[in-house]
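Student:
Numbering (the numbering used here), first residue to last: 1468 to 1803.
1) Looking only at its chain, what residues have a beta carbon closer than 8 Å to the beta carbon of residue 1537, apart from the 5 residues adjacent to it on each side?
2) Take the Cβ of residue 1552 as the centre, count every other Cβ of all protein chains shown within 10 Å, and call the residue buried at 16 or more, exposed below.
3) Between the C-alpha atoms of residue 1595 and residue 1564, what's the straight-line distance to the nearest angstrom?
4) Between the Cα of residue 1625 and those of 1635, 1658, 1619 and 1617, spot the shortest distance and give me the residue it belongs to.
5) Quick one, which of 1723, 1653 and 1713 has its alpha-carbon nearest residue 1687's?
6) Given that a residue counts as buried once 16 or more other Cβ atoms are within 10 Å of its Cβ, and exposed if not, what is residue 1802?
7) My understanding is that residue 1527 touches residue 1562, with C-beta atoms under 8 Å, so please give their C-beta distance in whole angstroms.
8) Could you work out which residue in 1779, 1695, 1668 and 1525 is closest to residue 1752 when comparing CA atoms only?
9) Just tell me which of 1731, 1750 and 1568 has its CA closest to the CA of residue 1770.
10) Please report the distance separating the alpha-carbon of residue 1622 from that of residue 1602.
11) CB residue 1570 to CB residue 1589, shorter than 9 Å?
12) Secondary structure at residue 1798, three-state DSSP: helix, strand or coil?
13) Can you give the Cα-Cα distance for residue 1726 and residue 1741, rounded to whole angstroms?
14) Mind reading off the beta-carbon distance from residue 1581 to residue 1652? Whole number of angstroms is fine, and I expect it under 8 Å.
15) Taking C-beta to C-beta, are residue 1640 and residue 1671 nearer than 9 Å?
16) Would residue 1797 pass as a contact of residue 1781 if the rule is Cβ separation under 9 Å?
17) Assuming residue 1659 contacts residue 1619 under a Cβ cut-off of 8 Å, what Cβ separation, rounded to an integer in Å, is found between them?
18) Pick out whichever of 1679, 1692 and 1577 has its Cα sitting closest to the Cα of residue 1664.
19) With which residues is residue 1669 paired in a DSSP beta bridge?
20) For the beta strand (DSSP E) holding residue 1663, just list the boundary residues, first then last.
21) Give the DSSP bridge partners of residue 1564, in chain order.
22) Under 9 Å, do residue 1711 and residue 1755 count as touching if we go by C-beta distance?
23) If residue 1611 and residue 1547 are in contact, beta carbons under 8 Å, what's the gap, nearest whole angstrom?
24) From residue 1707 to residue 1644, what distance separates their C-alpha atoms?
25) Where residue 1700 and residue 1583 are concerned, what is the direct C-alpha to C-alpha distance, given to the nearest angstrom?
26) Does the ligand GDP have even one heavy atom less than 8 Å from the beta-carbon of residue 1618?
27) For a cutoff of 9 Å on Cβ pairs, would you count residue 1695 as touching chain C?
28) If you reduce the DSSP assignment to three classes, tell me which class residue 1548 lands in.
29) Pull the bridge partners of residue 1619 from the DSSP assignment, please.
30) Could you tell me which residues DSSP puts in a beta bridge with residue 1597?
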């Protein structure tokens, strides 16, 4: 069944690699053959130093591969190589790379059992706690310019430490340093997994606002960044989670974790398209776009066997396994 979809417009500026060609002209003294002039090696080196450094894509994710009883944040290349552990204590979840690839926002129970939000450098150094509270704070993501972080929290609920799905989860936005915290939604329903559109004008999120809270059904919605003009995007059976815009703001990938047709979907201006069709105890969720929009990485879970990171083409073709962790590798975020 097709749905009339209205996605947030105004695509983002998509970063492209620029290749600069350098040429050198060799001048020779024709009047005196004994004294040729040649280009300065120092000048050539200086010109080379001005070439743009192409930063490789990275995927950050959470895993318990270290077998310490906790989850840590890891970083790897998209083919699974150069796997680097970034955290070494407490539980650390839901990593998200900043648009410039220099920082990672995540949640951890290191200071608050109910989870707080932290930022660290992409090598795991300089960890900072943002907007501390005694509430549960979850699933932070960056704005396209790296200046804002949106997340969901129970900080204004009757019991801020309640982590149940029936708790009062709301969407919040703050500056990347934790300042200027603002509540975006304000109601008795659950709002989860927010992400800002590339133009910074809208927020996509999952909510159970049109379902009984006992049903575990959620749909996708968009709203203005101030919480106004809420618009429903989907009408599907199951728990929808982790909506993610592509860099152009024209497609939203998301997961459906229950219901009659679970898997990874992509929503465009026409209708949702299902990309994965696994059955028999397996399920896919938490999709993330490659920076160029040609691929999607995601979590592939098999009951009794744990979960691994996979990637596929944006049309669902050519799925490939990326990690081979002993138990769980989950919730990837693909950035640069």
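We put the beta carbon where it would ideally sit given N, CA and C, even for glycine.
Tutor: So, from the listed chains and residues:
1) Around residue 1537: 1531, 1556, 1557, 1558 and 1559.
2) The residue in question, residue 1552, is exposed, as its Cβ has fewer than 16 Cβ neighbours within 10 Å.
3) The straight-line gap from Cα to Cα measures roughly 15 Å.
4) Out of 1635, 1658, 1619 and 1617, 1635 has the C-alpha closest to the C-alpha of residue 1625.
5) The option with the nearest alpha carbon to residue 1687 is 1723.
6) Its Cβ being crowded by 16 or more others within 10 Å, residue 1802 is buried.
7) About 4 Å; that satisfies the 8 Å criterion.
8) Nearest to residue 1752 by C-alpha distance, out of 1779, 1695, 1668 and 1525, is 1779.
9) Closest option to residue 1770, Cα to Cα, is 1750.
10) Rounded to the nearest angstrom, the two C-alpha atoms are 5 Å apart.
11) When the beta-carbon positions are compared, residue 1570 and residue 1589 come within less than 9 Å of each other.
12) It is a strand residue.
13) A straight-line Cα-Cα distance of about 13 Å links residue 1726 and residue 1741.
14) The Cβ separation is near 19 Å, so there is no contact.
15) Not in contact: residue 1640 and residue 1671 (Cβ atoms no closer than 9 Å).
16) No, these two residues do not count as a Cβ contact at 9 Å.
17) Cβ-Cβ separation between residue 1659 and residue 1619: approximately 5 Å, consistent with a contact (criterion under 8 Å).
18) Distances from the CA of residue 1664 to each of 1679, 1692 and 1577 were compared; the closest alpha carbon is that of 1692.
19) 1691, per the DSSP bridge assignment.
20) Taken as a continuous stretch (DSSP letters only), the beta strand (DSSP E) holding residue 1663 covers 1658-1663.
21) Residue 1564 is bridged to 1571.
22) Taking C-beta atoms as the reference points, residue 1711 and residue 1755 count as a pair closer than 9 Å.
23) Contact between residue 1611 and residue 1547 is ruled out by a C-beta separation of about 27 Å, above the 8 Å threshold.
24) Residue 1707 and residue 1644 have their C-alpha atoms some 30 Å from each other.
25) Rounded to the nearest angstrom, the two C-alpha atoms are 30 Å apart.
26) With respect to the ligand GDP, the structure shown offers nothing to examine, as it has no ligands at all.
27) Included in the structure is just one protein chain, with no chain C present.
28) DSSP places residue 1548 outside both helix and strand once states are collapsed to three, so it counts as coil.
29) Note: residue 1619 sits in a beta bridge opposite 1605 and 1638.
30) Paired residue(s): 1584.
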